[in-house]
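For the sequence shown, this note's numbering assigns the number 4 to the initial residue and increments by one for each residue that follows.
Beta carbons: idealized from backbone N, C-alpha and C, even for Gly.
It should be emphasised that the depicted structure is a prediction, and the values quoted were computed from it without experimental measurement.
Note sheet for the following structure.
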Amino acid sequence: MEIVRDPEALSIETCVSYHSILSLTIQRLFSTLDPVPDSHYPLKIKISDGLDGSGCHQTYNQQSNNSVLSTKTFILFGFKVMPITDTLENDVFYNSSPNSPFCFRPVALIALKEEYSNVKLIMNTIVNPQTDHIIQDGLSLIGGHAQVEIVRSLFDTKMAGLLDGAVGASCHLCTATDSQIKSLEWPRSGFPINRLISDARQLFEVVDEEDYLKLPSNQRVGITHQPTPNIDIIAASPLHAYLCVFRWFMLLIYHFDAGQKVWAPSNSKVNSSMKRVRTILQERCNFSVDIPSSQGGTSTTGNIARDCFLNKRDFLTGATSSINPSDKVSLEKIQTNLSVLLRLLNSGDLINCDKMQELCKETYEFILVEYP
Numbered sequence: 004m005e006i007v008r009d010p011e012a013l014s015i016e017t018c019v020s021y022h023s024i025l026s027l028t029i030q031r032l033f034s035t036l037d038p039v040p041d042s043h044y045p046l047k048i049k050i051s052d053g054l055d056g057s058g059c060h061q062t063y064n065q066q067s068n069n070s071v072l073s074t075k076t077f078i079l080f081g082f083k084v085m086p087i088t089d090t091l092e093n094d095v096f097y098n099s100s101p102n103s104p105f106c107f108r109p110v111a112l113i114a115l116k117e118e119y120s121n122v123k124l125i126m127n128t129i130v131n132p133q134t135d136h137i138i139q140d141g142l143s144l145i146g147g148h149a150q151v152e153i154v155r156s157l158f159d160t161k162m163a164g165l166l167d168g169a170v171g172a173s174c175h176l177c178t179a180t181d182s183q184i185k186s187l188e189w190p191r192s193g194f195p196i197n198r199l200i201s202d203a204r205q206l207f208e209v210v211d212e213e214d215y216l217k218l219p220s221n222q223r224v225g226i227t228h229q230p231t232p233n234i235d236i237i238a239a240s241p242l243h244a245y246l247c248v249f250r251w252f253m254l255l256i257y258h259f260d261a262g263q264k265v266w267a268p269s270n271s272k273v274n275s276s277m278k279r280v281r282t283i284l285q286e287r288c289n290f291s292v293d294i295p296s297s298q299g300g301t302s303t304t305g306n307i308a309r310d311c312f313l314n315k316r317d318f319l320t321g322a323t324s325s326i327n328p329s330d331k332v333s334l335e336k337i338q339t340n341l342s343v344l345l346r347l348l349n350s351g352d353l354i355n356c357d358k359m360q361e362l363c364k365e366t367y368e369f370i371l372v373e374y375p
């Protein structure tokens, strides 16, 4: 992994080489596998990559050996290797635990704050040119040639907005509006993924000097600034899916606890319920939910989110002590369905997408009816 301490030195000829690190990773991976017959080349390699920032939380300086130490914010760029198949579609390598941190291969750690101008710089100087090179030319391995498919999915919601420019959108995968996603007709259409980078770039024929869009807001489909990737974002990270769904589910619990089943901006009653539920979870389940962490960010971690949906009964018992029984039944159904969907998304096994889509529709329609 390359550490870039001088962001101003970034250029297309930078020392950071996505291509060489990817090639070296595949070669080392192959050294642990059975040799692939020459007749089975070219191989097909699927890669998932992305970026993430270290956050913008406040830090303090410390004195050590008469020098001032301070924590800086960074942006990490890296990838993980997904399935590798040969010309006969046989698995040469199958990643049985694709979401393990041990499968992540860092490429560069860049000393920049997580904001649009910096992400644009990184994409234009490091990621996009080398991604084009990798996809077009593939990799030359010892045994032969390999074609590479890259899926950009390793990022959180904030980074997704910085990448695709859809900060004002309801969804980073589709162009549905707030009114559309609250209609029962929308889930029945099958949740189309139709937010394309090429379409977003066409909106930027007229921009201001800072690359911000001049079109009226009703014509922007949620786009606020020019997208930076060169490939479409058509997937979501399982970890951040757990975190986002967990935060939404906690908001659902707060509103049910406050006796408000219709979504509305936070008020004093909902805020009181939020404090009460958090206190109960801390006392009964030893969970600290959505409070500032001493390490920066919040105390809500992926493990807490997973525990909510894996140990469903224990979590709901602690979080819903003051909610009436009929609402608890609805919450249990929603929690169970979300648990199944998240485990399917997180699974490394082949799943039945048609049945998963039906469960998505059923869950979405149930939520719209019970919690409009």
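Apart from the five residues just before and just after residue i, which ones in its own chain have a Cβ nearer than 6 Å to its Cβ?
{"i": "Ile24", "result": "Val110"}
{"i": "Ser20", "result": "none"}
{"i": "Leu166", "result": "Thr231 and Pro232"}
{"i": "Asp181", "result": "Ser173"}
{"i": "Ala3", "result": "Lying before the first or after the last residue shown, residue 3 is absent from the chain, which here runs from 4 to 375."}
Would you list the one or two residues that DSSP bridges to residue i?
{"i": "Pro109", "result": "Gly81"}
{"i": "Arg155", "result": "Asp52"}
{"i": "Leu46", "result": "Ala149"}
{"i": "Thr128", "result": "Partner(s): none; Thr128 has no beta bridge."}
{"i": "Ile87", "result": "Ile48 and Phe96"}
{"i": "Ser329", "result": "Partner(s): none; Ser329 has no beta bridge."}
{"i": "Leu142", "result": "Ala149"}
Short of 7 Å in beta carbon distance, which residues of its chain neighbour residue i, apart from the five on each side in sequence? Order them along the chain.
{"i": "Cys356", "result": "none"}
{"i": "Gln285", "result": "Ser291"}
{"i": "Gly351", "result": "Asn98, Ser99, Ser100 and Pro101"}
{"i": "Ser70", "result": "Any answer about Ser70 is weak, because its pLDDT of 47 lies below 50 and its placement is not dependable; what the coordinates show is given next. Cβ neighbours of Ser70 beyond the five flanking positions: none."}
{"i": "His22", "result": "Gln133, His136 and Ile137"}
{"i": "Met126", "result": "Thr231 and Pro232"}
{"i": "Arg183", "result": "Residue identity check: residue 183 is Gln in the sequence provided, not Arg. These residues qualify, in order along the chain: Trp189."}
{"i": "Leu32", "result": "Val84 and Phe96"}
Ignore the nearest five residues each way along the sequence and tell me which others in residue i's own chain have a CB closer than 8 Å to its CB.
{"i": "Tyr257", "result": "Val273, Ser276, Met277 and Val280"}
{"i": "Thr160", "result": "His175, His243 and Cys247"}
{"i": "Asn68", "result": "Any answer about Asn68 is weak, because its pLDDT of 48 lies below 50 and its placement is not dependable; what the coordinates show is given next. Closer than 8 Å at Cβ, skipping near neighbours: no residue."}
{"i": "Asn340", "result": "Leu362, Glu365, Thr366 and Phe369"}
{"i": "Met162", "result": "Gly53, Leu54, Asp55, Gly56, Glu117 and Val122"}
{"i": "Thr88", "result": "Leu46, Lys47, Asp94 and Val95"}
{"i": "Met359", "result": "Leu344 and Leu347"}
Taking C-beta to C-beta, are residue i and residue j nearer than 7 Å?
{"i": "Phe369", "j": "Ile326", "result": "no"}
{"i": "Gly225", "j": "Gly171", "result": "yes"}
{"i": "Phe312", "j": "Ser342", "result": "yes"}
{"i": "Leu344", "j": "Pro241", "result": "no"}
{"i": "Lys83", "j": "Ser51", "result": "yes"}
{"i": "Val39", "j": "Val95", "result": "yes"}
{"i": "Gln3", "j": "Pro45", "result": "Since the first and last residues shown for the chain are 4 and 375, residue 3 lies out of range."}
{"i": "Tyr119", "j": "His228", "result": "yes"}
{"i": "Val265", "j": "Pro375", "result": "yes"}
{"i": "Thr303", "j": "Asp293", "result": "yes"}
{"i": "Gly53", "j": "Phe158", "result": "yes"}
Taking the alpha-carbon of residue i as reference, which of the options has the nearest alpha-carbon?
{"i": "Asp55", "options": "Gly81, Gln30, His43 and Leu32", "result": "Gly81"}
{"i": "Ile113", "options": "Gln263, Ser99, Thr128 and Ser100", "result": "Thr128"}
{"i": "His43", "options": "Leu144, Pro101, Leu348 and Tyr374", "result": "Leu144"}
{"i": "Ser156", "options": "Ala244, Asp41, Leu91 and Gln205", "result": "Ala244"}
{"i": "Leu334", "options": "Phe249, Gln360, Ser271 and Met359", "result": "Phe249"}
{"i": "Lys336", "options": "Lys358, Cys363 and Ala169", "result": "Cys363"}
{"i": "Gly193", "options": "Glu361, Leu371 and Tyr374", "result": "Glu361"}
{"i": "Gln30", "options": "Leu142, Lys49, Tyr374 and Ile78", "result": "Leu142"}
{"i": "Glu373", "options": "Thr282, Ile294, Lys185 and Gln229", "result": "Lys185"}
{"i": "Leu254", "options": "Leu79, Thr323 and Gly305", "result": "Thr323"}
{"i": "His148", "options": "Ser173, Gly168, Asp41 and Glu365", "result": "Asp41"}
{"i": "Thr320", "options": "Arg287, Leu79 and Asp310", "result": "Arg287"}
{"i": "Val154", "options": "Glu188, Ile48 and Arg204", "result": "Ile48"}
{"i": "Asp330", "options": "Gly53, Asp202 and Gly262", "result": "Gly262"}
{"i": "Leu371", "options": "Phe33, Glu188 and Arg223", "result": "Glu188"}
{"i": "Ile307", "options": "Glu152, Phe252 and Leu353", "result": "Phe252"}
{"i": "Ile78", "options": "Leu91, Leu124 and Asp89", "result": "Leu124"}
Just to confirm, does residue i get its C-beta within under 6 Å of one of the non-hydrogen atoms of the ligand FMN?
{"i": "Cys363", "result": "Looking at this structure, you won't find the ligand FMN or any other ligand, since it has none at all."}
Please check if any C-beta of chain B sits within less than 7 Å of the C-beta of residue i.
{"i": "Thr301", "result": "No chain B is present in this structure, which holds just one protein chain."}
Are the region 135 to 150 and the region 237 to 247 in contact at 8 Å, needing three or more beta carbon pairs?
Contact fails: fewer than three Cβ-Cβ distances are below 8 Å.
Say whether the region 192 to 201 touches the region 161 to 179, bearing in mind that this needs 3 or more beta-carbon pairs closer than 8 Å, one atom from each stretch.
Yes, since at least three Cβ pairs between the region 192 to 201 and the region 161 to 179 fall closer than 8 Å, the two stretches touch.
Segment contact flag, the region 122 to 136 with the region 88 to 107, C-beta cutoff 8 Å, min 3 pairs
Because the criterion of three Cβ pairs below 8 Å is not met, the region 122 to 136 and the region 88 to 107 do not touch.
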